[in-house]
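Down below is the structure, laid out as structure tokens.
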Amino acid sequence: MDWLTLSPDEAAAVRLSLRVATVSTLASLPPALLIAFLLARRRFPGHALLNGLVHLPLVMPPVVTGYLLLLAFGRRGPVGAFLADHLGLVLSFRWTGAALASAVMSFPLVVRAIRLSVEAVDRRLEAAAATLGAPPLLVFLTVTLPLVAPGLLAGAILGFAKSMGEFGATITFVSNIPGETQTLPSAIYALTQVPGGEAGALRLTLVSIAISMAALLASEAIATRLARRLAAA
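Here the UniProt record's numbering is used: the first residue of the sequence shown is 1, the next is one more, and so on.
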């Protein structure tokens, strides 16, 4: 069973992927929730344009998305130069850039899952709470958010899974630097390009499958518990 033991570089790639996926998911949830509500509850000039921009990473080649991120957030890009000069934050060729690329690529999936959940909420429940004198923020926190929670969870799981598997945009924006930007997909790709790397690629593939399956099972268990609580409320 020694062939199942991860090497230090392989273990580092697993840890980095988990770190990148977690950070990208947590960072994308608040804006995804806001945009999902805007798209589901509001009609305004530019609604179709916003919807198109949100879903653009799904239809563009990931390499194009990564190149655009490099142009904007690279050390010489308008946003990247500002962040580096004023905040000391460098994204290109850093793990933080991998998190950004993963967040951008997974963002449409997160927004769509939350939006579908928002559109399924019975507005009469919110109206009833409002007629009882509850302010809008309290209605949102006590009525809307619990009803949207399954969609929020589904979006988070989809975003995490997509971030774990993101490759094209990440390798274009932050390259494939072992210990710094080499995530699971890029490590698997690198191992397939060298003689004798098949065993390592297979190990990391099995790890990737195990993490994805564990995330799906956990989301199913949490969603079932939430559904039971809502039905009992």
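Note that the Cβ used here is the ideal one computed from N, Cα and C, for glycine as well.
- Between L34 and L50 a beta carbon distance of about 11 Å is seen, past the 8 Å cut, so the two are scored as non-contacting.
- Residues T144, L147, V148 of the same chain have their beta carbon placed closer than 8 Å to that of V121, with the five preceding and five following residues left out of the count.
- In the structure shown, E10 adopts helical secondary structure according to DSSP, grouped into three states.
- Collapsing the DSSP output to three states places N51 in a helix.
- Nearest Cα to L216 within the set A169, L202, L153: L153.
- Counting along the chain, the unbroken alpha helix (DSSP H) around M164 starts and ends at 145 to 165.
- Taking C-beta atoms under 8 Å as the contact rule, A101 and G66 qualify, at a distance of about 6 Å.
- One Cα belongs to M60, the other to R76, and the distance between them is close to 24 Å.
- Residue state for P78 is assigned as helix, using DSSP reduced to three classes.
- Just so you know, the alpha carbons of S163 and T96 end up roughly 13 Å apart.
- Within its own chain, the residues whose Cβ lies closer than 7 Å to the Cβ of T183, once the five positions on either side in sequence are excluded, are A13, L16, S17, V20, A98, T170, listed in chain order.
- Going by beta carbons, L109 and G159 fall inside the 9 Å limit.
- At a Cβ-Cβ threshold of 9 Å, A130 and T142 do not count as neighbours.
- Nearest Cα to P185 within the set V194, P195, G168: G168.
- Excluding five sequence positions before and after S28, the CB atoms of its chain that fall closer than 7 Å to its own CB belong to A103, S106, F107, V110, G159, given in chain order.
- Closest in C-alpha terms to G179, from the list V118, M213, P57, R94, comes R94.
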